[in-house]
Amino acid sequence: MIEISFQEGLEAKRLYERLNKAKLALSINYIHITYDLEQTNTLFISIQAKKEVAISKLIIPVLTQYIIDCIEDSWILSIIESDFYFTDIEEQNQILQIAHGILEGHYDDMPQVEELKSRRLVIEEALHEFLRTTITFSFESFIKFRLHSYSEELLKVVELAIDEYKLEQEYQNFVQNLRDYSFDRSPKIERLHIFHDDHFYFFNESFIELKYSDITKHIDRKLILNHPMYIDSTIIAPLVSISPKSIVIYTNEVDHGMVQTIQNIFLERVQIYSKNYFEQVKLQKKI
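What the sequence shown shows, in my numbering, is residues 188 to 474, in sequence order.
This is the structure we're talking about:
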């Protein structure tokens, strides 16, 4: 018999439901699960056979997923506030969302992410070690005292999430500054066409390709001085300095970082079409 006590009866009920659902899904009939909600908020798991299989195939996976689903967010938020002093709710939630992305593998391009351990494996290892000898325990005590490795991994994740959050804030400020600058300038050209292949090629309203010197002569050097770390002197600086009334981009990579940045700066002034459409429009213009 394994007994797990909870401070909150609702947690005992949730875990009871999850265990029974998994038990049915796995067609395991040698485990009996009950819980005492009225008095002790305790979950009772009676294993009649194959104890090791029951623990490794049912109990540990369910407990692990429960911790990830129901405990992890509050733990991450606590680290964000207590260890890094972010008290603003909106900031906390933005960092939490980035942390989710890191944990779910959406930031694999970050070198430090490769060094992170799988939090699922970390929790499972702790449970395997713990349930080897313990048959009666408090769920809250296990969370508090037996998941140090998990806590350390979450701390690393939060550190990475905060770094990414700060970079995103810097990027947003950079984009907003260029947006304000562009809207305050008089357009040097009505419509600019940009063809994106391996590089970005600029064309005027008549679809005549603009030379690099034609583009860069408009650059406001103050832009380069004010944003030396961020501004691209071959694309963004000329675009913002020219400040076209409309920009048409022809690309097959709408998620390309530069395409996204141009969209973010110029907003509704930007239209995007496929590369094939560029040739069609260019041909019609010649006719």
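Where a beta carbon is used, it is the ideal one built from N, C-alpha and C, also for glycine.
Fill in: CB-CB length for isoleucine 434 against isoleucine 330, believed under 8 Å
On the sequence shown, residue 434 is found 247 positions in, with the first residue counted as 1. On the sequence shown, residue 330 is found 143 positions in, with the first residue counted as 1. 53 Å between Cβ atoms; not a contact.
Worksheet item: For glutamate 377, which of helix, strand or coil comes out of DSSP?
Response: Locating residue 377 in the sequence shown gives position 190, where the first residue counts as 1. Three-state result, glutamate 377: coil.
Discussion item. With three or more C-beta pairs closer than 8 Å as the rule, is the segment 263-274 touching the segment 235-250?
Written reply: no
Worksheet item: Is DSSP giving isoleucine 402 helix, strand or coil here?
Response: Start at 1 with the first residue of the sequence shown, and residue 402 comes out as number 215. Secondary structure at isoleucine 402: helix, using DSSP grouped into helix, strand and coil.
Worksheet item: Beta-carbon separation of threonine 438 and phenylalanine 390 under 9 Å?
Response: Against the sequence shown, residue 438 aligns to sequence position 251. Against the sequence shown, residue 390 aligns to sequence position 203. The answer is no: Cβ separation not under 9 Å.
Item to complete: Determine contact between the segment 282-291 and the segment 333-350, defined as no fewer than three beta-carbon pairs at a distance below 8 Å.
Response: yes
Discussion item. Between the segment 365-381 and the segment 389-408, can you find at least three pairs of beta-carbon atoms closer than 8 Å?
Written reply: yes
Fill in: Cα-Cα separation between threonine 229 and serine 336, rounded to whole angstroms
Locating residue 229 in the sequence shown gives position 42, where the first residue counts as 1. Locating residue 336 in the sequence shown gives position 149, where the first residue counts as 1. Each residue's alpha carbon lies about 26 Å from the other.
Worksheet entry | Residue span of the alpha helix (DSSP H) that contains histidine 335, given as start and end | Along the sequence shown, read from residue 1 onward, the residue named residue 335 stands at position 148. From DSSP, the alpha helix (DSSP H) with histidine 335 extends over 335-370.
Worksheet item: Applying the criterion that 16 or more other CB atoms from any shown protein chain within 10 Å of the CB defines a buried residue, is serine 214 buried or exposed?
Response: Counting from one through the sequence shown, the residue named residue 214 turns up at place 27. The residue in question, serine 214, is exposed, as its Cβ has fewer than 16 Cβ neighbours within 10 Å.
Worksheet item: Quick one: is arginine 319 buried, meaning 16 or more other Cβ sit within 10 Å of its Cβ, or exposed?
Response: Translated into the one-based positions of the sequence shown, residue 319 becomes position 132. Label assigned to arginine 319: exposed.
Discussion item. By alpha-carbon positions, which one of Arg205, Glu225 and Tyr217 ends up nearest to tyrosine 253?
Written reply: Along the sequence shown, one-based indexing puts residue 253 at 66. With distances taken between Cα atoms, tyrosine 253 lies closest to Arg205.
Fill in: Euclidean distance between Cα positions of threonine 323 and isoleucine 255
Locating residue 323 in the sequence shown gives position 136, where the first residue counts as 1. Locating residue 255 in the sequence shown gives position 68, where the first residue counts as 1. Whole-angstrom Cα-Cα distance: 22 Å.
Practice prompt. Drop a sphere of 10 angstroms on the beta-carbon of alanine 212, count the other beta-carbons inside from all chains shown, and report buried for 16 or more, exposed for fewer.
Written response: Looking up residue 212 in the sequence shown gives position 25. Alanine 212 comes out exposed.
Worksheet item: Taking the beta strand (DSSP E) that valine 435 falls in, what are its first and last residues?
Response: Taking the first residue of the sequence shown as position 1, residue 435 is located at position 248. Per DSSP, the unbroken beta strand (DSSP E) holding valine 435 starts and ends at 433-437.
Worksheet item: Within 10 angstroms of its Cβ, does alanine 313 collect 16 or more other Cβ (buried), or is it exposed?
Response: Your numbering for residue 313 matches position 126 in the sequence shown. So alanine 313 ends up on the buried side.
Worksheet entry | Classification of threonine 251 by the beta-carbon crowding that lies within 10 angstroms, buried from 16 upward | Counting from one through the sequence shown, the residue named residue 251 turns up at place 64. Per the 10 Å Cβ criterion, buried.
Practice prompt. Only counting runs of 4 or more residues, tell me where the alpha helix (DSSP H) segments fall wholly within the segment 224-305, in order along the chain.
Written response: 238-241, 247-253, 259-269 and 276-290
Worksheet entry | Residue from Ser325, Glu239, Glu302 and Asn207 with nearest C-alpha to glutamate 190 | Taking the sequence shown and counting its residues from 1, the one referred to as residue 190 is at position 3. Cα-wise, what sits closest to glutamate 190 is Ser325.
Discussion item. Tell me which residues share the same chain as valine 457 and place their Cβ nearer than 7 Å to its Cβ, disregarding the 5 neighbours each side in the sequence.
Written reply: As a first step, residue 457 must be located in the sequence shown, where it is residue number 270. Excluding sequence positions up to five before and after valine 457, its CB lies within less than 7 Å of the CB of Ile434, Ile436, Ile449 and Gln450, all in the same chain and listed in chain order.
Item to complete: Round the Cβ separation of valine 379 and isoleucine 452 to the nearest angstrom and send it over; I've been treating them as touching at under 8 Å.
Response: Residue 379 sits at position 192 when you count from the first residue of the sequence shown. Residue 452 sits at position 265 when you count from the first residue of the sequence shown. The question names valine, but residue 379 is leucine in the sequence shown. Contact doesn't hold; Cβ gap of about 13 Å is too wide.
Practice prompt. Just mark isoleucine 282 as buried or exposed, buried being the case when its beta carbon has 16 or more other beta carbons within 10 Å.
Written response: Within the sequence shown, numbered from 1, the residue matching residue 282 stands at position 95. Burial call: buried.
Item to complete: On a CA-only basis, which of Gln447, Ala209, Val300 and Met297 is nearest valine 181? Give me that one, please.
Response: Residue 181 lies beyond the range of the chain shown here (188 to 474); nothing can be said about it.
Worksheet item: Just reading off the beta strand (DSSP E) that tyrosine 203 is part of, what are its end residues?
Response: If you number the sequence shown from 1, residue 203 lands on position 16. Taken as a continuous stretch (DSSP letters only), tyrosine 203 belongs to no beta strand (DSSP E), being part of the alpha helix (DSSP H) at 196-212.
Worksheet entry | Cβ neighbours of tyrosine 294 in the same chain (closer than 6 Å, five flanking residues each side left out) | By one-based count along the sequence shown, residue 294 stands at place 107. Gly288 and Val300.
Worksheet item: Alpha carbon to alpha carbon, what distance is there between isoleucine 418 and methionine 297?
Response: Stepping through the sequence shown from its first residue, residue 297 is reached at position 110. Stepping through the sequence shown from its first residue, residue 418 is reached at position 231. Rounded to the nearest angstrom, the two C-alpha atoms are 22 Å apart.
Worksheet entry | The alpha helix (DSSP H) enclosing phenylalanine 332, as first and last residue numbers | Against the sequence shown, residue 332 aligns to sequence position 145. Unbroken alpha helix (DSSP H) run through phenylalanine 332: 326-332.
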